[in-house]
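Asker: Got a structure here, written out as structure tokens. Questions coming.
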Amino acid sequence: MSLTHDAPTTYDDFRRVLSDRFDSLSPQLRLVAEFIVQHPNRAALETVAELSHAASVRPPTMVRFAQALGFTGFTDMQRVLRARLVARTPTYRERINEAVDKAPKEPVGVLSDFIASSRESLQVLESEVTADDMRRAVDLLSAAERVHVMGMRRAFP
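Have a look at this one:
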């Protein structure tokens, strides 16, 4: 990873450096900062072109933003953002074991846990899916001749 001496190496460091430097950023770089804070998963996975379009800035602005935080380029910043995704994602076996260990024994507890989990999932969905994302999904689904729906592995729990 090509980092300068002061580039953040963890997501927590990234957020701290961003907070420390936010006021000194140009208005365009602030747009990028706000977008990345609101959409860290997208910032970790999408291309510079996709992200710059979504943030309403030009692609070089995304690169300048990464450099303003101490990275040599956007890809280096993405590595830190991606590491957060990998670090916080337990394996399938870990999730199953945790679910079994925490599973309530009474039916009312099962219902309560289901409602809490559903509420949390819906809040995450609401925060990560934009109106444009929904429009594109609806357009794709409505244009499809056939739609297959299935769940496996990560569909539980």
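Numbering (our numbering), first residue to last: 84 to 240.
Every residue, glycine too, gets a C-beta built ideally from N, C-alpha and C.
#1: Taking the alpha-carbon positions, what's the Asp216 to Leu223 distance?
#2: Can you say whether Ala227 is buried or exposed, counting buried as having 16 or more other CB atoms within 10 angstroms of its CB?
#3: Below 8 Å, can you find three or more Cβ-Cβ pairs linking the region 99-119 to the region 130-141?
#4: For the alpha helix (DSSP H) containing Asp159, list its first residue and its last residue.
#5: Compare the beta carbon distance of Leu152 and Leu194 with 8 Å and say whether it is the shorter of the two.
#6: What is the rounded straight-line gap between the Cα of Pro190 and the Cα of Val232?
Answerer: So, from the data block:
#1: Taking the sequence shown and counting its residues from 1, the one referred to as residue 216 is at position 133. Taking the sequence shown and counting its residues from 1, the one referred to as residue 223 is at position 140. Going by the C-alpha atoms only, they are around 11 Å apart.
#2: Here residue 227 is taken as the residue at index 144 of the sequence shown, counted from 1. Taking all protein chains shown into account, Ala227 has fewer than 16 neighbouring C-beta atoms within 10 Å of its C-beta and is therefore exposed.
#3: By the Cβ rule, the region 99-119 counts as touching the region 130-141, because three or more pairs are nearer than 8 Å.
#4: Indexing the sequence shown from 1 puts residue 159 at position 76. Per DSSP, Asp159 belongs to the alpha helix (DSSP H) from 157-170.
#5: Sequence index remark: in the sequence shown, residue 152 carries index 69 (1-based). Sequence index remark: in the sequence shown, residue 194 carries index 111 (1-based). No. Outside cutoff.
#6: Numbered from its first residue, the sequence shown carries residue 190 at position 107. Numbered from its first residue, the sequence shown carries residue 232 at position 149. Cα atoms of Pro190 and Val232: separation of roughly 28 Å, rounded to the nearest angstrom.
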